[in-house]
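Below: one structure, written as structure tokens.
Residue numbers (my numbering): 10 to 111.
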């Protein structure tokens, strides 16, 4: 059964940027897009295990810093001719605090 974890206040996540959190052995990248949407995905690119939290955010996509793979923040799927997927996590905001479900 999934459990909700309190992460941080929403303003602590930079616009068009990310924060990395660890819950147990799981490393999660939290992203905030230009429109203020929040996404939580595994912090590992499905290609060569690059740290997605170090990538560039554009639209609702993050570009892996190692080999420029583009990952859809909503689905975790690699885009274009690339294939692979990283895990995604449900998130919610209550009283300006971000929670994610694992």
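The beta-carbon is built from N, C-alpha and C at its ideal position, and this holds for glycine as well.
Counted as a single uninterrupted DSSP element, the beta strand (DSSP E) harbouring residue 67 occupies residues 65 to 67.
A distance below 6 Å between beta-carbons, with the five flanking residues on each side excluded, links residue 86 to the following residues of its chain, in chain order: 94. Residue 65 and residue 14 have their C-alpha atoms roughly 25 Å apart.
When only Cα atoms are considered, residue 83 and residue 10 end up about 21 Å apart. Rounded to the nearest whole angstrom, the C-alpha separation of residue 67 and residue 108 is 23 Å. If you draw a straight line from the Cα of residue 110 to the Cα of residue 49, it is about 9 Å long.
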